[in-house]
Ligand code: SF4
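Residue numbers (my numbering): 4 to 467.
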């Protein structure tokens, strides 16, 4: 049997010490536990007093006037005794009488202020004022964690599970109902990824539009600022975080609820990519009802038309199912008409295939296998016609391209993607050999290219 060895024990330098003062209710106590756990996991020493502490965290309460006074006094005392103070907890979220942050108004010299449930933000503040001790077990792991994608793009998962019960899907039975990640954690991860050189962030979940529903759009904290746990705020903050790095933010699995309309102006402004991956699965209301799809009552044609009005360059990607149980010829024709009319830029289609445990397996009138496949092929022919037309309309345009491959130092051209192409699922931009040496035709760099032709689902372009 071996004893556990703390990271600090393996390092010759004494571990930095954090004093911790916790006030308030049991919820504040759990916040304190989370912060203390994280501090210990990272190798900091913690203590309940200021003695010898390199920095002090005061976890406050703001419930009643007495608690506010007690918290403000505790901050004042910590500042007087130690000088380096980080404030967290409910009082940190309170406004002063004239607006602004109450704690900052009363104690302007505190190092950082966060609200409750803000372990991540508190740890960020600790790291910037008292660097983490060296940890021989994990210091070889990059700050953004281990990623399986190429260095220049990364997926950012914002929630797990799903509140819907689509009849062809068993994900909710495996992963449970929607659980949104705290917005501070999501934004913190995004920031680390951009810092690590990620140029394209792909936001994923089972239902991105529903982000925050489970926590009633709770206000979280990022960088000491309150931020609501909801799609619009998330997208705006991600766009703002990406901007200084010139990075792209791309949204996947967005269901066409009315509130998604609010996100489109952010695309028109250029804050996030004008690209929406909307898994529609079908167009006909009766099929959507049998599928029990979210937003099945929405008028998707009108919604997409409205998006195009607000942001003409928007690219809509979607996936569909052909041959769902009970799908009549008329319902399938409706689907083909929809893809043409909605001018879906990028459409994928699966022939319906039963999944063990899915409710749809019990639906009457299954479509024969061969017909399902025949419909899928017909669908893809129509989708390709629409997509090719749209791609051809780009000939002559100059586009920004993120380079994925560039052999021979880019001298022979390469392969990249424009804003209209998500990795793995959409087409690519085939880059011809540049006429003069290009400094930007390198993997993970943005380059500019003039579109000269199309090739199936791909564009062909000349670097400029
Ligand atoms: S297909 Fe339906 S039930 Fe399955 S994860 Fe997506 S929205 Fe949820």
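Where a beta carbon is used, it is the ideal one built from N, C-alpha and C, also for glycine.
Same chain, Cβ closer than 7 Å to residue i, five either side skipped, listed in chain order
i	result
residue 106	78, 90, 94, 95, 113 and 116
residue 193	159, 204, 241 and 244
residue 385	339, 342 and 343
residue 169	294, 295 and 296
residue 397	454 and 462
residue 448	406
residue 1	Any question about residue 1 goes unanswered here, given that the chain covers just 4 to 467.
Alpha helix (DSSP H) segment containing residue i, residue limits
i	result
residue 176	174-178
residue 108	105-109
residue 128	122-132
Residues near residue i by beta carbon distance below 6 Å, same chain, minus five either side
i	result
residue 119	34, 92 and 93
residue 251	203 and 276
residue 458	none
residue 345	304 and 307
residue 224	117, 118, 121, 124 and 187
residue 393	348
residue 456	463
Chain B contact for residue i (CB, 8 Å cutoff)
i	result
residue 200	The structure shown contains no chain B, having only a single protein chain.
Where the beta strand (DSSP E) containing residue i begins and where it ends
i	result
residue 86	That residue, residue 86, is in no beta strand (DSSP E); it is neither H nor E in DSSP.
residue 171	No beta strand (DSSP E) holds residue 171; DSSP gives it neither H nor E.
residue 433	432-434
residue 211	No beta strand (DSSP E) contains residue 211, which DSSP labels as neither H nor E.
residue 418	417-420
residue 222	222-225
Coil, strand or helix - residue i by DSSP
i	result
residue 231	strand
residue 382	helix
residue 461	strand
residue 197	helix
residue 216	helix
residue 20	strand
residue 377	helix
residue 392	helix
residue 159	strand
residue 81	helix
residue 399	coil
residue 186	helix
residue 192	helix
residue 102	coil
residue 452	strand
residue 92	strand
residue 387	helix
residue 205	strand
residue 424	coil
residue 113	coil
residue 3	Nothing in the structure corresponds to residue 3, since the chain is present only between 4 and 467.
residue 32	helix
residue 68	helix
residue 26	coil
residue 429	coil
residue 75	helix
residue 412	helix
Local Cβ density within 10 Å of residue i, reported as buried at 16 or more and exposed below that
i	result
residue 364	exposed
residue 123	buried
residue 201	buried
residue 332	exposed
residue 349	buried
residue 128	buried
residue 424	buried
residue 280	buried
residue 467	exposed
residue 411	exposed
residue 427	exposed
residue 155	buried
residue 284	buried
residue 25	buried
residue 183	buried
residue 67	exposed
Same chain, Cβ closer than 8 Å to residue i, neighbours up to 5 away in sequence not counted
i	result
residue 173	358, 359, 360 and 361
residue 176	360
residue 236	186 and 230
residue 1	A question about residue 1 goes unanswered here, because the residues of the chain that appear run from 4 up to 467.
residue 178	163, 164, 165 and 209
residue 317	267, 270, 277, 278, 279, 310 and 311
Any beta strand (DSSP E) of 3 or more consecutive residues that is wholly inside the region 314-370: 318-325 and 349-354
Any beta strand (DSSP E) of 3 or more consecutive residues that is wholly inside the region 229-310: 251-254 and 278-280
In chain order, each beta strand (DSSP E) run of at least 3 residues that lies wholly inside the region 34-66: 48-50 and 58-63
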